[in-house]
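**Student:** Under the UniProt record's numbering, the final residue of the sequence shown carries the number 291; numbering is consecutive throughout.
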Amino acid sequence: MNNEVTIYLGQDRIYTDATGIRQILRFYYECKVYQNYTININLDNIEWIDGNLCAFLGALMYRLSIENKLAFLMDSKQVSAKCNILFANDFLPITQNENHYKIKSCLPFRGFLPKQKDEFYNYLENDLFAHNAMPKLLPEVQEQLIDYLGEVYGNIDKHAETELPFFVCGQYYPSKNALHFTISDLGVGFFKKINAQKPINVKSCGDAILWAIAGNSTKQDAPGGSGLRNLNAYLRDNNGAMQIYTGDAGWCSKTVNSVLYPDGISLLRNNYLGATINLEFNTKNLNFRNV
Numbered sequence: 001m002n003n004e005v006t007i008y009l010g011q012d013r014i015y016t017d018a019t020g021i022r023q024i025l026r027f028y029y030e031c032k033v034y035q036n037y038t039i040n041i042n043l044d045n046i047e048w049i050d051g052n053l054c055a056f057l058g059a060l061m062y063r064l065s066i067e068n069k070l071a072f073l074m075d076s077k078q079v080s081a082k083c084n085i086l087f088a089n090d091f092l093p094i095t096q097n098e099n100h101y102k103i104k105s106c107l108p109f110r111g112f113l114p115k116q117k118d119e120f121y122n123y124l125e126n127d128l129f130a131h132n133a134m135p136k137l138l139p140e141v142q143e144q145l146i147d148y149l150g151e152v153y154g155n156i157d158k159h160a161e162t163e164l165p166f167f168v169c170g171q172y173y174p175s176k177n178a179l180h181f182t183i184s185d186l187g188v189g190f191f192k193k194i195n196a197q198k199p200i201n202v203k204s205c206g207d208a209i210l211w212a213i214a215g216n217s218t219k220q221d222a223p224g225g226s227g228l229r230n231l232n233a234y235l236r237d238n239n240g241a242m243q244i245y246t247g248d249a250g251w252c253s254k255t256v257n258s259v260l261y262p263d264g265i266s267l268l269r270n271n272y273l274g275a276t277i278n279l280e281f282n283t284k285n286l287n288f289r290n291v
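1) List the DSSP bridge partners of GLN280.
2) What does a CB cutoff of less than 6 Å around ASN195 pick up in its chain, not counting 5 residues either side in sequence?
3) Nearest by alpha-carbon distance to CYS169: which of ASP127, PRO199 and LEU149 is it?
4) To the nearest angstrom, how far is it from the Cα of TYR8 to the Cα of PRO139?
5) In whole angstroms, what separates the C-alpha of THR19 from that of TYR261?
6) Buried or exposed: ASP12, going by 16 or more other Cβ atoms within 10 Å of its Cβ?
7) Using the three-state DSSP reduction, which class does THR19 fall into: helix, strand or coil?
8) What first and last residue would you give for the beta strand (DSSP E) that runs through VAL168?
9) Is it right to say TYR29 is buried, meaning 16 or more other beta carbons lie within 10 angstroms of its own, or is it exposed?
10) Given this structure, state the Cα-to-Cα distance separating GLY264 from THR246, to the nearest angstrom.
11) Using three-state DSSP, classify MET134 as helix, strand or coil.
12) Out of GLU161, LYS115, PHE87 and LEU57, which one is the CA nearest neighbour of GLN23?
13) Checking 8 Å against the spacing of the C-beta atoms, do PHE112 and GLU119 come in under that value?
14) Which residues does DSSP list as the beta-bridge partners of THR6?
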């Protein structure tokens, strides 16, 4: 029987920003010191976690289960009382009599292997763009956005150097008129390949994010790199936002040109081997025709 240890998930509120990512990374590194243990995830200090961040949390837990042979437990009563979003978005399995947790604000937590292109595209069409909070986009606009997200998928498939699955999840926040969609992979991240090609210009993970956001690509045999640039441009023009976290750095379009983070880059304090992209759709102000 495995040994057991209790680890706190985080403190207060875990939001979709650098502070929230840091909290989940801290939890990951606290778990990482154990081998062949069962981790009891304690929510005593948590008041809230953004549902879409289950993509990031789930990815890190998957890596721990594979590399450190860890299993995870959560108390269902505590989840019900404090973070029932973890039931509502399928992050945690539930029994039939708990189906009242299923609420329409969630996009389900799912994992896809790098070669499961059709399954990922079906999720985009049937869960993300068909979500009740997402305005009905013109068909050509939706098709273009799916193409941009398809390039993000292609980067995971061809350049992340991993056969581990990537994870997605989403959450609608009515009070903010925002729908967040998060993709997290467990590949090599942005820096390794970009630095190999551009060692003079790209010396840090933050540099690598800025290089990719500008529309550059490491692809040798085809034009690329426009997916992130075009997604960022679309969301910016339609009052949304984008965030990227990889290695020890994060970038947020909302903080660009701010006093503290003029280039949008902040440090994560711990290293994340992989990449997480969060798209924030403004459900009130979307310009349906601009793509």
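Ideal placement from N, C-alpha and C gives every residue a C-beta, glycine not left out. Quick caveat, the model's predicted, so the values are computed rather than measured.
**Tutor:** So, to answer that:
1) Walking along the sequence shown from the start, residue 280 turns up at place 280. The sequence given here places Glu at residue 280; Gln does not occur at that position. DSSP lists HIS180 and ALA241 as partners of GLU280.
2) One-based indexing of the sequence shown puts residue 195 at position 195. Excluding positions up to five away in sequence, the list reads VAL202.
3) Within the sequence shown, residue 169 is the residue found at index 169, counting from 1. Ranking ASP127, PRO199 and LEU149 by Cα distance to CYS169 puts ASP127 first.
4) Position 8 of the sequence shown, counting from 1, holds the residue named residue 8. Position 139 of the sequence shown, counting from 1, holds the residue named residue 139. Answer to the nearest angstrom: the Cα atoms are 45 Å apart.
5) By one-based count along the sequence shown, residue 19 stands at place 19. By one-based count along the sequence shown, residue 261 stands at place 261. So the two alpha carbons sit approximately 14 Å from each other.
6) Looking up residue 12 in the sequence shown gives position 12. It counts as exposed.
7) On the sequence shown, position 19 is the one that residue 19 refers to. THR19: helix per DSSP, three-state reduction.
8) By one-based count along the sequence shown, residue 168 stands at place 168. Its beta strand (DSSP E) spans residues 166 to 173.
9) The count along the sequence shown starts at 1 and reaches residue 29 at position 29. With fewer than 16 Cβ atoms within 10 Å of its Cβ, TYR29 is classed as exposed.
10) Here the question's residue 264 lines up with position 264 in the sequence shown. Here the question's residue 246 lines up with position 246 in the sequence shown. Roughly 14 Å between the two C-alpha positions.
11) Locating residue 134 in the sequence shown gives position 134, where the first residue counts as 1. In the structure shown, MET134 sits in coil (DSSP, three-state: anything other than H, G, I, E or B).
12) As a position in the sequence shown, residue 23 is number 23, starting the count at 1. The candidate whose alpha carbon is nearest that of GLN23 is LEU57.
13) For this step, residue 112 is matched to residue 112 along the sequence shown. For this step, residue 119 is matched to residue 119 along the sequence shown. In this structure, GLU119 lies closer than 8 Å to PHE112 by Cβ.
14) Mapped onto the sequence shown, residue 6 falls at position 6. Its beta-bridge partners are ASN40.
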